[in-house]
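Going down the list, the protein sequences come from chains W and G.
End of the first sequence sits at 107 in my numbering; the numbers just go up one at a time, nothing left out.
End of the second sequence sits at 1126 in my numbering; the numbers just go up one at a time, nothing left out.
Remarks on the structure that follows.
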Amino acid sequence: DIQMTQSPSSLSASVGDRVTITCRASHSISSYLNWYQQEPGKAPKLLIYTASNLQSGVPSRFSGSGSGTDFTLTISSLQPEDFATYYCQQSYSTPWTFGQGTKVEIK
Amino acid sequence: QVQLQESGPGLVKPSQTLSLTCTVSGGSITSGGYYWSWIRQHPGKGLEWIGYIYYSGSTSYNPSLKSRLTISVDTSKNQFSLKLSSVTAADTAVYYCARGAPTIFGVVIHYHFDYWGQGTLVTVSS
Chain W
1 DIQMTQSPSS LSASVGDRVT ITCRASHSIS SYLNWYQQEP GKAPKLLIYT
51 ASNLQSGVPS RFSGSGSGTD FTLTISSLQP EDFATYYCQQ SYSTPWTFGQ
101 GTKVEIK
Chain G
1001 QVQLQESGPG LVKPSQTLSL TCTVSGGSIT SGGYYWSWIR QHPGKGLEWI
1051 GYIYYSGSTS YNPSLKSRLT ISVDTSKNQF SLKLSSVTAA DTAVYYCARG
1101 APTIFGVVIH YHFDYWGQGT LVTVSS
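The structure is reproduced here in C-alpha cells:
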C-alpha cells in the first residue's frame, strides 16, 4: 500500500493568514493526488484533484501543487469557514489511501 | 445535482453482518464511467477506502477487508450496497458512500471522490 503522510497534523492560524499543508507519498504517485476538506460532523468535500485542478465551486484561494512524492495544499488567505480538517488521498493505485489529516484551528 | 444517501442499521452485533445501501439520485448509476465507492471513518480518526463497484458489477476491494467484504449494485434501483461480515468493535465507524469520478490521462484513468453521502454511524456492540 502507498502510505500518505501529512504535515503538520494540526496548526493554528488567524483569519487572513497564508496556510500551507504538505502531503508526502511513500512511492511516486505522479500527479494522482486529491485534497478534501472535512468540517466536524460532515462528509469530506473535494477541493483539488490531480494535484492542482480546482474543483468546480471551490474558492480560488485554495491551490494545490506537486508531483511524484511531495505535494502541497495552500490557502492564500484563510477565511473563517476554512477552519476544518484537510486530507490528501492518492488515486495512483489501489488500495486508495488517505493521509492522516491536518486540523486547521483558530489562533 | 447528484446526491447519495446511505441507509441501514445503526447498530450491529459482533460476529454479524453489517449491511448498508447507498441510493443515488440526480443521475444514473450506469452513466459516465464512475466508480461507486464505500469509505469509512473510525471515531475521531482518518478516512479508509473500503472498495468500489462499477455499474457492470466489477469490483475492487481493500485487501485489509477483502475476506469479509461484498459490494454489489442494483442498477434498476440506482443503488449499490455494502456487506461486511463477522464484524467486531473495530468496525464501528461512520460509513460514507461516494462517487469516484474519472480524470483521463491518455490511456490512464484516475479517480477522485466528487460527491459523498452524509455518512451513517454504525456501531458494533452487543
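Where is the CB? At the ideal position from N, CA and C, for every residue including glycine.
Owing to the predicted nature of the structure, the values given are computational and were not obtained by experimental measurement.
Which residues bound the beta strand (DSSP E) around residue i?
i	result
G/E1048	1047-1053
G/Y963	Only positions 1001 to 1126 of chain G appear in this structure, which leaves residue 963 of chain G out of reach.
W/R18	Where W/R18 is concerned, there is no enclosing beta strand (DSSP E), given that its DSSP letter is neither H nor E.
G/L1020	1018-1025
W/A51	Where W/A51 is concerned, there is no enclosing beta strand (DSSP E), given that its DSSP letter is neither H nor E.
G/Q1079	1079-1084
G/E1006	1003-1007
Just to confirm, is the Cβ distance from residue i to residue j under 7 Å?
i	j	result
G/I1053	G/V1073	yes
W/L73	W/I2	no
G/V1124	G/A1089	yes
W/Q38	W/T85	yes
G/G1100	G/F1080	no
G/G1195	G/Q1005	Any answer about residue 1195 of chain G is impossible in this case: the structure gives chain G only from 1001 up to 1126.
W/Y87	W/Y32	no
W/I29	W/Q79	no
W/I48	W/F83	no
G/L1084	G/I1071	no
G/V1012	G/V1094	no
W/A43	G/Y1096	yes
Residues of chain W with CB closer than 7 Å to the CB of residue i, please, in chain order.
i	result
G/P1063	P95
For the stretch 1004-1019 of chain G and the stretch 1046-1054 of chain G, state whether three or more C-beta atom pairs, one from each stretch, are separated by less than 8 Å. no
Does the stretch 4-12 of chain W come into contact with the stretch 51-59 of chain W, if we say contact requires no fewer than three beta-carbon pairs (one atom in each stretch) closer than 8 Å? no
Output needed in chain order: residues of the stretch 29-43 of chain W with a Cβ under 7 Å from some Cβ in chain G. Y32, N34, A43
Which residues, taken in chain order from the stretch 1085-1116 of chain G, show a beta carbon closer than 7 Å to some beta carbon of chain W? Y1096, T1103, H1110, Y1111, H1112, F1113, D1114, W1116
Quick one: which residues of the stretch 60-90 of chain W get their C-beta closer than 8 Å to a C-beta of chain G? List them in chain order. Y87, Q89
Which of the residues in the stretch 1035-1046 of chain G, read from start to end, lie with their CB under 9 Å from any CB of chain W? S1037, I1039, Q1041, K1045, G1046
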